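Undergrad: I am attaching a structure below and will ask some questions about it afterwards.
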Amino acid sequence: MRMRRKRNLEPRMEACSDLLLARGKPCKNLKEAAEGYRALLGYEKVFGNGNPVELEIGCGNGGFIIEKAKREPNTNFLAVELCTNVILTAMERTKAAGLGNIRFLNIPAEILECYLPQESIGVIYLNFSTPLPEKSREKQRLTSMRFLEIYKKLLKEGGRIEQKTDSGEFFDYSLNRFEEAGFTLTDVTRDLHHSPYAEDNIVTEYEAAFLAKGLFIYRAVALKGEHRDS
Ligand SMILES: C[S@@+](CC[C@H](N)C(=O)[O-])C[C@H]1O[C@@H](n2cnc3c(N)ncnc32)[C@H](O)[C@@H]1O
């Protein structure tokens, strides 16, 4: 079902423009990306400091990234979301919370390389990415090989991806792709909420809904490159 466009969407987006670093129509963006378009961000200029930068892809209404930014004021956060209706809520909530360490990109993750410099990101968070079980949509899964190749370029040496999902099938698919792409798996659990990782966990909006249904939450960390001790 298509989501109804938010009332006064454009004036409200304009009111959040200080938080929004990029916005565009996916088809136009994808064409430009294919042509090698680059508008690389200078993080020091954007955030006014040289703090490390982390990235959430598919931030939804922003619950995770806002709580993360509150807990870690000395880290800068970028949040990417395809859907304008949804990212607006995340930006309005960020403004209301008075947080200076989050910025947003209303773009498809496919074109992240147009905006983010190579080896500039410490952690990528993939929280409850849509599993897209249909074979025909594999390319769109946010842990498919084409995305992992992009993430590898964006992550710093020693960087990592943190993934959570409610789908066992998508989880298994992702673990296989991480290994295939040369990541090292660590902190893997098929029941996050009864694991040692539960303590620091930030429950996202989708996670709360899945927990309410009694579903297991799967979680893994994928380290860039080979790590003998993991
Ligand atoms: C299932 S929701 C999860 C939202 C949030 N992370 C949570 O846990 O509550 C997945 C989100 O990812 C976004 N998304 C899906 N594919 C994307 C892509 N290629 N680029 C950016 N965002 C994407 C969707 O618009 C949607 O808001």
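Sequential numbering of the sequence shown, starting at 0, is according to numbering that gives the first Met the number 0.
C-beta: ideal position from N, C-alpha, C; glycine also.
Here the structure is a predicted model, which is why all the values come from computation and not from measurement.
At 4 residues or longer, what runs of the alpha helix (DSSP H) sit wholly inside the stretch 181-217?
TA: Taking only runs of at least 4 residues, the alpha helix (DSSP H) segments lying wholly in the stretch 181-217 are 204-211.
Undergrad: Checking the sheet assignment: what are the DSSP bridge partners for L77?
TA: L77 is bridged to L54 and R102.
Undergrad: On the premise that Y42 lies in contact with S119, defined as a C-beta separation below 8 Å, what is that separation, rounded to the nearest angstrom?
TA: With 8 Å as the limit, S119 and Y42 qualify as a contact, their Cβ atoms being about 7 Å apart.
Undergrad: So L87 is in the alpha helix (DSSP H); what residue range does that whole segment cover?
TA: Looking at the DSSP string, the run of the alpha helix (DSSP H) that includes L87 is T83 to A96.
Undergrad: Beta strand (DSSP E) containing K155: first to last residue?
TA: Where K155 is concerned, the enclosing beta strand (DSSP E) stretches over L154 to T164.
Undergrad: Could you say if the stretch 134-148 and the stretch 58-75 meet the contact criterion of at least three C-beta pairs nearer than 8 Å?
TA: The stretch 134-148 is not in contact with the stretch 58-75.
Undergrad: Need the endpoints of the beta strand (DSSP E) that N48 sits in, please.
TA: Per DSSP, N48 belongs to no beta strand (DSSP E) and is neither H nor E.
Undergrad: Report the rounded CA-to-CA distance for A221 versus S173, giving the unit in angstroms.
TA: Cα-Cα distance, rounded: 10 Å.
Undergrad: Does the beta-carbon distance from C113 to A33 come in below 8 Å?
TA: Cβ distance not < 8 Å, so C113 and A33 don't count as in contact.
Undergrad: Helix, strand or coil for L125 per DSSP?
TA: DSSP places L125 in strand when its eight states are reduced to three.
Undergrad: Can you check whether the CB of P195 is closer than 8 Å to the CB of S168?
TA: Per the sequence shown, the amino acid found at residue 168 is Glu instead of Ser. It is not a contact, given that the beta carbons lie outside the stated cut-off.
Undergrad: Apart from the five residues just before and just after L20, which ones in its own chain have a Cβ nearer than 8 Å to its Cβ?
TA: So the list reads L40, V45, L77, R102, F103, L104 and Y114, once near-sequence residues are dropped.
Undergrad: Leaving aside the five residues before and after E55 along the sequence, list all residues of the same chain whose C-beta is less than 6 Å from its C-beta, in chain order.
TA: Counting only Cβ-Cβ distances below 6 Å, and skipping sequence neighbours, we find I64, A78 and Y124.
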